[in-house]
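Everything on this sheet refers to the single structure shown next.
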Amino acid sequence: MTLPSNISHQLLHKTRNQLKKILTPVAKRQAAVYLQTDLQVSQRRACRLLGLHRSTARLVSRRKEDSVLLERLKQLAAERPRFGYRRLTTLLRREGMLVNPKKVSGREVVQLETAMGAAIGCFERARALRVPRSRFAPKALPGV
78 MTLPSNISHQ
88 LLHKTRNQLK
98 KILTPVAKRQ
108 AAVYLQTDLQ
118 VSQRRACRLL
128 GLHRSTARLV
138 SRRKEDSVLL
148 ERLKQLAAER
158 PRFGYRRLTT
168 LLRREGMLVN
178 PKKVSGREVV
188 QLETAMGAAI
198 GCFERARALR
208 VPRSRFAPKA
218 LPGV
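Have a look at this one:
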């Protein structure tokens, strides 16, 4: 693969070692836009360099922002910190919101958990106290 004349091999090698590997399609799409705008590389060449299909580069996300759902989820989690995602989903549905449990248990809730100090989620059960067996425990008496 030939590189454009304005990108030297050394510069490309240096930036590859300094940056983390680009894995997600969103990040690859952003990198492709950067290559096209700032470095004047064609879309075809930028996508080939990043290992991204051109149809993925052209994709426009239709995902809706659920800021209302997220705010209400924060309020419910603050009111009832011991409730898990299933019970929180039920409460949201009782309020008339159209909610998928996978949406509530997904990435947004994990972000909420870390922001609130893991208030949402499951609590661990109390485990039985484990007492280590002694190497020199008295042996069982024969015939008893």
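If you're matching positions, the sequence shown starts at 78 in the numbering used here and goes up one per residue. All C-beta atoms, glycine included, are put in the ideal place defined by N, C-alpha and C.
Query                                                                                                     : Result
Helix, strand or coil at Gln259 according to DSSP, with G and I counted as helix                          : No answer is possible for residue 259: the residues shown for the chain start at 78 and end at 221.
Residues near Phe160 by beta carbon distance below 8 Å, same chain, minus five either side                : Leu153, Ala154, Leu168 and Ile197
Of the listed residues Pro178, Val176, Val110 and Pro219, nearest to Thr133 (C-alpha basis)               : Val110
Where Ser132 falls: helix, strand or coil (DSSP)                                                          : helix
Distance between beta carbons of Val181 and Leu136, contact taken as under 8 Å                            : About 26 Å separates the two Cβ atoms, so there is no contact after all.
Classification of Lys141 by the beta-carbon crowding that lies within 10 angstroms, buried from 16 upward : exposed
Collapsed DSSP secondary structure at Pro158 in the structure displayed                                   : coil
Cβ shell of Val176 (< 8 Å), same chain only, five flanking positions each side left out                   : Leu146, Thr166, Leu169 and Arg170
8 Å CB neighbourhood of Arg131 in its chain, flanking five on each side removed                           : Gln120, Arg121 and Cys124
Pairwise C-alpha distance: Ala104 and Lys97                                                               : 11 Å
Whole-Å CB distance - Val118 paired with Leu112, under 8 Å assumed                                        : 4 Å
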